[in-house]
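First up is the structure itself, then whatever we jot down about it.
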Amino acid sequence: MRRLVGWSVLSFFLMTPLISHGKTAAAPAEPAIAFPETTALQWTLDNGLEIIVQEDHSSPVASVQVWVDTGSIDEDKHLGAGLSHILEHMLFKGTKTRPANDIALKIQDSGGYINAYTSFDRTVFWIDIPAQGVPTAVEILSDAMMNSTLPEEEYTKEQEVIRREFAMGYDDPDRMASRKLFATAYSTHPYRHPVIGYIDVYNKLTREDVVAYYKKRYTPSNMFFVVTGDVDAKKVREQIAAIFDKYPRESVEPVYIPAEPPQLGRRHADVEFATELTRLNLAWHAPALTDPDVPALDLASTILGSGRSSRLYREVREKQGLAHEISAWIYAPGAPGLFGVSATLDPDKREATEKAVLEMIEKLKAEGVTADELAKAKKQSLSSQLSSLTTTRGIASDLGSNWILTRNLDFSRDYLAAIQKVTVGDIQRVVRKYLVDDQLSSTSLNPEGSLAAKAGAEKPPAAGEIQKFTLPNGLRLLVREDPRLPLVSMVSVFKAGTLVETAEDNGITELVSNALLKGTTSRSADRIADEIEAVGGSIGTTAGNNSIGVSVSVMRPDLKIGLEILADVLLNPVFPEPQVEREKMVQLAGLKAEEEEMTTVAKNLMRANLFPNHPYGLRSQGSPESVASLTPEQLKTFHDKYLVAKNGVLAVYGNVNAEEVRAQVEQLFAQMPAGEEALTKPAAPAALVESKTVEENKDKAQAILMVAYRGTDIFSEDLPALELIDEASSDLGSRFFVRIRENLGLAYFVGSSQVPGLVTGPFAFYLGTAPEKADQVMIELRDEIDKLAHDGLSDAELARAKEKIIGQQEIRNQSSGAFAFATAIDELYGLGYDHYQTEKDRLRAVTAADVKKVAQKYFLDQPAVTALVRPAQKPAEAASGDAPSASKTPN
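Spelled out as structure tokens, the structure:
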């Protein structure tokens, strides 16, 4: 099952728990690893409220969640209106004792993070927070569940916010492709309707409709709490019981959910959209999660389309070159579910791709799978589910999903036990039973004009401290022993990135990172994928502004094979020309996709003008011209210069022994050339002379505005103050959010972002709005920036920002992989692997006067670049509009 609340190609549109897939490869002997049995406690109060608590004292953090047994399929006569989604937005808008914005501020004051999501069958509200803030989180969530007032003025403002969200969905080709698939595969069941609803139905709703739905569905017997982390279970239960003692049990009227009738023939739907790439989805009806055939179908989807060694990836992407991306998946919370294959491809390859996929399905039916493939998929299931338990939120989500779907807190364990019993014969049987032609729905989203042209366990011990070793060739090794779970994360990073690129070779870092996995002197790309995925592991690469890296994750018994593959990929890549050309095609497709992402277009426009004639002004993936010109020889030269010992750091964190790791790394990496450290004196960007406003037109339904300044580098003494300004300008209680989004209703999202690097990076304020409001909101945004530049932050804003950053750091550091990457980067850049230990003190030392001084220095005393991306104005609009000039930008 891999993760009941996991990733899927459909998750962004559906916002619903799916059965998702991790990564895996060739299997040696199975290690004696079992999925840990839950230690959670469960109680039911007299009013029907259920409480689930699992103590985990390995980190001083917790996750507090409320699961409401109501989602978009439960909206009865208002089906398609998105009532559940509206309540997700509205429940934090004030209660009988708390005004609007107070909820988010209280959580941020405690260093926590609050959010929610809606799906077909549930609405989940959650708070990740340092352990001392758990009573506050419980109190606030309880109050929001039972006492929200849904004030009229907030409802009116939030209506416009949700309409912006509709517009964003209509702009997104992946969401629209998923929506078309579900509307085609389901003819009657409410799964055919999007969770957010339809704009026309939504517009007819009244606040009274929303209040009635809230009172009807948000009752104690229709929800449950899940609390995990560094808590006392008895105290949590007592607090919740005391709060809910005054709320009696209420009846919850059952909602009629029409059954989906049997599908009697293949369904087909192709539509056009403002996109440059085709999104193809093929799906067959499948049984619900608790059906005994689902484990075998799950493994079949893994073998078909999960990982670089999967059948579809090798045949359809690598061998035939038909798709840029392809995967298989299963979605089965209720009956009927779906077994699917999704691909992104060039429009002229749509029919050939569908044909190739169906041929692979028929081959699977005829020949079945091998014992090695089945063993690999089983190990993949265990690895992925274990990986989901590395954070308190992951543990809480696993428990909550188990409970809402099966009322069995150990369902994940039971499901994985069922996975282990699946035979080769079972795979062949279920594929023949369910993947039949009259159950197939085939849908595609295509570029405009293309169809017309065609028609012509136990509490874990605490993790140890980081240990640093330096190899004779200069490679720095960081090791952290963390026995909480039988997992190991390895992260290697090297100085490089966009900062070493020119306009001629722009995008080479990205291409090298992707091509590293395409073969070595002793391993083909297929063998790399086979070997790592057979042991339940994964391998990936990263490319950034200042670095390039390769990471590997495995389970504890497979540490040696993980290190061997990592060393081979770093030391011996061959950059074979056919595979390099394939990756260039994928990267070029990514550049096309970027042009459909309004925020990315605005960011690229901003950077190009904020850093003219400097690498930071280049696109991270390159330009079509530069990427097309890159050769394998250039990639080899890049590799030999930058992926060398003195220019790198390797971090190995997890269930390991430090001396054992040191010995293996010294042996495996002894042949890595020492080389030279790169970017010791990187060129700083030339000073900006004056402010300016730049605009780009895109035929979309929204507008993106960015006002950007030169920020600082990672070594500056101003960085802590800028980090606090960034945090205070981005949260739900920020002055920008409250004034521009909440009070004025001019934007769907608003915030800030800074990207400090080895040299000065950008600091940008941004927002998304309706095109007709762009000029007005530009004035308001600049006005708020000007106030910030003159006044700095209030004491309350500053205190809240400090707690938020510190709390999020503690939450982030739960994950060995994330922690390994963060500390390796700090060591690589010269800050030191232990830089995180002093961050609290540096942040707490910042005063309001410090912030005011820094705000004036960066936002008042230097020029700005304003980047606006919106639809082209009609002649009449352009003639009558009075857009602010560049001179109005604070400088």
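Numbering (numbering that gives the first Met the number 0), first residue to last: 0 to 890. Beta carbons: idealized from backbone N, C-alpha and C, even for Gly.
Across the structure, V626 and S341 are spaced so that their CA atoms are roughly 26 angstroms apart. Taking one beta carbon from each stretch, the stretch 76 to 87 and the stretch 257 to 264 have fewer than 3 pairs nearer than 8 angstroms; the two do not touch. Taking the Cα positions, A769 is about 21 angstroms away from S733. Annotation for M167: the continuous alpha helix (DSSP H) segment containing it runs 151 to 170.
In the DSSP assignment, I547 falls within the unbroken beta strand (DSSP E) covering 546 to 554.
Inclusion of A866 and L604 in the CB contact set at 7 angstroms is warranted, their separation being smaller than that value.
Taking C-beta separations shorter than 8 angstroms and ignoring five residues to either side along the sequence, the partners of I739 in its chain run L745, A746, V749, L766, V776, E779, L780, E783, following chain order. According to the DSSP secondary-structure assignment, H284 is paired through a beta bridge with L337.
Residue pairing by DSSP places V293 opposite no residue, since no beta bridge is assigned to it.
A straight line joining the alpha-carbon of R606 with that of P761 spans about 8 angstroms. Residue pairing by DSSP places I128 opposite A61 in a beta bridge. Remark: fewer than three beta-carbon pairs, one from each stretch, lie closer than 8 angstroms, so the stretch 512 to 524 and the stretch 476 to 492 are not flagged as touching. Contact annotation: the stretch 65 to 78 touches the stretch 215 to 227, with at least three C-beta pairs closer than 8 angstroms. By the criterion of at least three beta-carbon pairs nearer than 8 angstroms, the stretch 800 to 812 is in contact with the stretch 717 to 734. In this structure Y433 touches F338 by the C-beta definition: roughly 6 angstroms separates them, less than 8 angstroms.
G367 sits in coil when the DSSP states are folded into three classes, being neither helix nor strand. In this structure the stretch 648 to 664 lies against the stretch 473 to 488, because at least three pairs of beta carbons, one per stretch, are closer than 8 angstroms. Residue pairing for M489: DSSP places it in a beta bridge opposite V551, V651. For D55, the closest of K76, G393, A182 by C-alpha to C-alpha distance is G393. Per DSSP, reduced to three states, the secondary structure at L344 is strand. The three-state reading of DSSP puts R310 in helix, counting H, G and I together.
Within its own chain, the residues whose Cβ lies closer than 6 angstroms to the Cβ of G93, once the five positions on either side in sequence are excluded, are A99, T148, P150, listed in chain order. Counted as a single uninterrupted DSSP element, the stretch harbouring A495 is not any beta strand (DSSP E), since DSSP gives it neither H nor E.
Judged by DSSP secondary structure, V660 falls within the alpha helix (DSSP H) whose first and last residues are 657 to 667. A788 is a Cβ neighbour of F858, given a cutoff of 7 angstroms. DSSP links Y116 through a beta bridge to V123. Note that the C-beta distance between L344 and A322 is below 7 angstroms. Taking a C-beta distance under 7 angstroms as the contact criterion, I325 and R316 qualify as a contact pair. For Y708, the pairing in a beta bridge is given by DSSP as F762. In this structure, the alpha-carbon of S308 lies about 17 angstroms from that of K362. In this structure, N608 sits near V693, with a CB-CB distance shorter than 7 angstroms. In this structure, the alpha-carbon of R163 lies about 18 angstroms from that of R178.
Rounded to the nearest whole angstrom, the C-alpha separation of V423 and V293 is 14 angstroms. Measuring C-alpha to C-alpha distances from K591 to each of L498, A566, R191, P172 identifies P172 as the nearest. Within 10 angstroms of the beta-carbon of G829 lie fewer than 16 other beta-carbons, which makes it exposed. A232 places its beta carbon less than 7 angstroms from that of V52.
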